[in-house]
Amino acid sequence: MVVDSDLGHGWESHWVKSDWKKSEGKAGSFKHSAGKWAGDPDDKGIQTYPDARHFAISAKIPEFTNKNRTLVFQYSVKFEQDIECGGGYIKLLSGYVNQKKFGGDTPYSVMFGPDICGTQTKKLHLILSYQGQNYPIKKDLQCETDKLTHVYTFILRPDTSYSLLVDNKEKESGTMYTDWDILPPQKIKDVNAKKPKDWDDREYINDPDAVKPEDYDSIRAEIPDPNAKEPDTWDEFEDGVWKPPMIPNPAYKGPWKPKKIKNPNYKGKWKIPWIDNPEFEDDPDLYVLKPLKYVGIEIWQVQTQNPRHDDDYDYHDEL
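What the sequence shown shows, in this note's numbering, is residues 89 to 407, in sequence order.
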């Protein structure tokens with residue numbers, strides 16, 4: 089199944105502009121454009137204008153479920169100007185949506201795409217909805233920040249594994265179990281565990297066969313400087329018997345200590361063991377989203393081209 093939410097010629101016939109923020113005078117507009125720099129001037133998308141506005145638009149798509157199927161969500165976006173603060177993400181929506189009221193508070197099933205604000209935030213959002221609650225990915229994903237077009241792809245498989253691609257190159261991968269805090273962890277540390285009394289975590293021990301040399305304690309820490317000479321002006325009657333100054337003895341090694349050897353009974357550093365989490369209850373449909381019915385754009389001053397979602401990755405690869 090392939091669903092292509094085309095932003096080419098005739099896009100206004102199936103994309104509905106929302107009235108969100110319109111009454112407050114904060115709603116922006118959309119225009120059909122290839123942008124200032126385009127490899128193909130006929131390959132147009134929708135561009136937001138003017139600056140500092142909220143933008144919301146959505147399109148209804150044939151209902152799609154990813155149960156027992158791989159979901160591929162792909163679109164391209166270009167930040168044509170020096171953006172100070174704004175997003176370029178897209179949402180997949182489930183259930184009924186009043187498209188004229190679609191906005192930032194409208195529930196969604198997937199939110200995916202870049203978000204830039206100042207020099208600190210250059211984030212790539214990847215948020216999944218589960219039982220009415222939104223869960224952002226735990227990884228710190230970074231988005232592209234130049235003025236070129238970039239293709240973002242999110243792939244979600246029935247085994248809960250996922251891949252995230254930028255310009256068809258995999259940037260991240262993992263599973264929903266490890267990279268989202270949707271379900272309690274399958275394993276937890278055993279807080280009641282204690283290190284066994286006979287656990288030997290000494291990597292090195294004193295050599296039991298080492299013997300201190302008989303004359304070791306007779307070695308002094310300091311010795312008279314053998315190179316020192318009595319000054320010519322030294323008067324033994326007035327100054328007393330001349331004695332050379334003391335210097336550190338190079339033969340002195342400090343208090344005797346037996347050498348260290350590898351401990352044959354070393355078991356390694358003791359670690360708290362992991363046990364099954366009694367609060368974990370698996371959900372075989374963890375990856376299943378509510379049936380998808382709309383694709384929505386709710387952003388600040390970015391340009392997007394041809395948002396797509398389907399379950400045929402090869403189709404996108406060919407594009």
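Even for Gly, the Cβ is constructed at its ideal location relative to N, Cα and C. Only a predicted model underlies this, so the values are computations on that prediction, with no experimental measurement involved.
DSSP beta-bridge partners of residue i
| i | result |
| --- | --- |
| W103 | A147 |
| I243 | V160 and S251 |
| K179 | M199 and G384 |
| S121 | G133 |
| Q221 | Y218 |
| Q169 | DSSP lists no partner for Q169. |
| L212 | P202 |
| A115 | H142 |
| Q187 | Its beta-bridge partners do not exist; DSSP assigns none. |
Neighbour-count burial assignment, residue i, 16 or more Cβ in a 10 Å radius
| i | result |
| --- | --- |
| W330 | exposed |
| H102 | exposed |
| E100 | exposed |
| V299 | exposed |
| S217 | buried |
| D398 | With a pLDDT of 44 at D398, under the threshold of 50, the predicted position of this residue should be treated as unreliable, though the coordinate-derived value follows. Classification of D398: buried, given that the 10 Å Cβ count is 16 or more. |
| T248 | buried |
| K114 | exposed |
| V390 | Low confidence applies to V390: its pLDDT is 49, below 50, so where it sits in the model is not reliable enough to give any reading. |
| W322 | exposed |
| G174 | buried |
| G127 | exposed |
For residue j and residue i, believed in contact at Cβ under 8 Å, the rounded distance
| i | j | result |
| --- | --- | --- |
| R141 | P246 | At roughly 40 Å, the Cβ-Cβ gap does not stay under 8 Å, so R141 and P246 are not in contact. |
| N154 | V376 | 6 Å |
Touching or not, the stretch 262–270 and the stretch 295–313, by the rule of three or more beta carbon pairs under 8 Å? no
Inter-stretch contact at 8 Å, needing at least 3 Cβ pairs: the stretch 210–218 / the stretch 192–202: yes
Review point. Any chance the stretch 343–355 sits against the stretch 111–122, with 3 or more Cβ pairs inside 8 Å?
Key: no
What residue ranges within the stretch 327–381 form continuous beta strand (DSSP E) runs of no fewer than 3 residues, ordered along the chain? Here the runs fully enclosed are 334–336, 348–350 and 362–364.
- Message: Three Cβ pairs or more, each shorter than 8 Å: is that satisfied between the stretch 368–382 and the stretch 147–157?
- Response: Segments in contact, yes.
**Study point:** Cβ contact check for the stretch 129–141 and the stretch 359–374: 3 or more pairs under 8 Å
**Key:** no
Secondary structure, beta strand (DSSP E): runs of 3+ residues fully inside the stretch 251–338:
257–263, 275–277, 292–294, 310–312 and 334–336
query: Do the stretch 175–195 and the stretch 100–115 meet, that is, are 3 or more Cβ pairs less than 8 Å apart?
result: yes
- Task: Report yes or no: do three or more beta-carbon pairs, one from the stretch 350–368 and one from the stretch 286–296, lie closer than 8 Å?
- Result: Of all C-beta pairs linking the stretch 350–368 to the stretch 286–296, three or more are shorter than 8 Å, placing the two stretches in contact.
Are the stretch 326–340 and the stretch 271–288 in contact at 8 Å, needing three or more beta carbon pairs? no
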